[in-house]
Every structure is written in C-alpha cells, then in structure tokens.
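Convert by adding 10 to the 1-based position in the sequence shown; the result is the number in the numbering used here. For glycine and all other residues, C-beta sits at the position ideal for the given N, C-alpha and C. Predicted, not measured: the structure shown is a model, and the values here were computed from it. Comments concern the structure below.
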Amino acid sequence: MASFISTSEISVIRGPFETETFDEEASAEMLATFASAEIRRQVPNIDADIAAGTVDAALATWVAYRMVSDVLNNPERYTSEGILDATYRFDSQMVRNQMRLTPDEIDSLKPVAPVKRVASRTINVVGWCP
Numbered sequence: 011m012a013s014f015i016s017t018s019e020i021s022v023i024r025g026p027f028e029t030e031t032f033d034e035e036a037s038a039e040m041l042a043t044f045a046s047a048e049i050r051r052q053v054p055n056i057d058a059d060i061a062a063g064t065v066d067a068a069l070a071t072w073v074a075y076r077m078v079s080d081v082l083n084n085p086e087r088y089t090s091e092g093i094l095d096a097t098y099r100f101d102s103q104m105v106r107n108q109m110r111l112t113p114d115e116i117d118s119l120k121p122v123a124p125v126k127r128v129a130s131r132t133i134n135v136v137g138w139c140p
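Written out as structure tokens, the structure reads:
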C-alpha cells in the first residue's frame with residue numbers, strides 16, 4: 011500500500027535531506043512506509059474512510075510526517091547530550107515510541123459523522139434591496 015506521505019512532501023516541510031553522512035532520504039522513505047503501516051494498524055478502515063470523504067487525507071499525511079520527522083530529527087535517539095562533559099543518554103525505546111500514534115492523533119483519524127440538519131428555514135425579506 012502507498013505511504014501517506016512521500017519523501018518529496020517531507021523535504022518540502024522539513025527542508026533538504028542530509029546526504030553528507032548518510033542517505034537521509036532513503037531513511038525517510040522507509041520510515042514513511044513504517045509510519046503508514048502503523049497508522050493502518052491502529053486505524054484499520056482509514057483508507058476506506060479517506061475514500062468516503064469522512065477523514066481528511068491531509069490529517070493522515072500530517073500524522074505520518076510527525077512520526078517520520080521525530081525520528082529524523084534525532085536519529086541517534088539521544089534523550090539528552092552535553093558538549094563539554096560529553097554526557098549522552100541513549101534510549102533504545104525512543105524510536106518505537108516516536109513511531110506510535112498518540113490518542114489525539116488516533117481520534118483525528120476516525121471518521122466524522124456528517125452534520126444532520128434538523129430543520130431549514132427560508133426567510134423572505136420584502137422591500138429590501140442590496
């Protein structure tokens with residue numbers, strides 16, 4: 011299945027990919043695939059809901075972007091670091107946690123019921139001209 015976000019969309023939002031030390035674009039593509047699979051796992055009917063128009067595709071794109079950019083912004087998975095004293099804290103669970111949807115994100119990807127109109131009223135204004 012297609013990813014909810016492409017590498018070109020990621021670079022438009024985030025800026026150019028790092029290419030000096032590693033191929034960040036390839037990492038972004040793989041992370042976008044993982045993020046999209048995780049979204050589909052946690053919101054199983056999302057593709058049908060997007061096709062039906064009850065979920066905005068832009069929301070899925072934004073959630074996938076957040077997941078990918080969180081990992082790309084901290085590929086070493088440090089929770090803190092110091093320059094002079096060389097203190098680094100590494101968290102191996104961080105990437106797994108970054109690739110999870112928050113409860114608010116899950117709610118935003120659920121279909122919204124169309125608003126039902128209870129009544130309609132027509133008002134005729136006599137003698138009024140714009």
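Item to check | Own chain partners of I15 with C-beta closer than 6 Å, once the 5 adjacent residues on each side are dropped | outcome: A42, T71, A74 and Y75
Item to check | Counted within 10 angstroms of its Cβ, other Cβ atoms place E115 as buried (16 or more) or exposed | outcome: buried
Checklist entry - Are the region 51 to 68 and the region 26 to 42 touching, with three or more C-beta to C-beta distances below 8 Å? => result no
Checklist entry - Buried or exposed: where does S18 fall if 16 or more other Cβ atoms within 10 Å of its Cβ makes it buried? => result exposed
Item to check | Proximity of D59 and P113 at Cβ, strictly below 8 Å | outcome: No, the Cβ-Cβ distance between D59 and P113 is not below 8 Å.
Checklist entry - Would M77 be called buried (16 or more neighbouring beta carbons within 10 Å of its own) or exposed? => result buried
Checklist entry - Thinking C-beta only, is M109 closer than 8 Å to E48? => result Taking the C-beta atoms as reference points, M109 is found nearer than 8 Å to E48.
Checklist entry - Is it buried or exposed for A123, if we count other Cβ within 10 angstroms and need 16 for buried? => result exposed
Checklist entry - So S118 packs on L69, CB below 8 Å; how close in whole Å? => result 5 Å
Next on the checklist: Quick check: the Cα distance between E28 and S79, rounded to an integer number of angstroms?
Outcome noted: 13 Å
Item to check | Unbroken alpha helix (DSSP H) run spanning F44, endpoints | outcome: E34 to Q52
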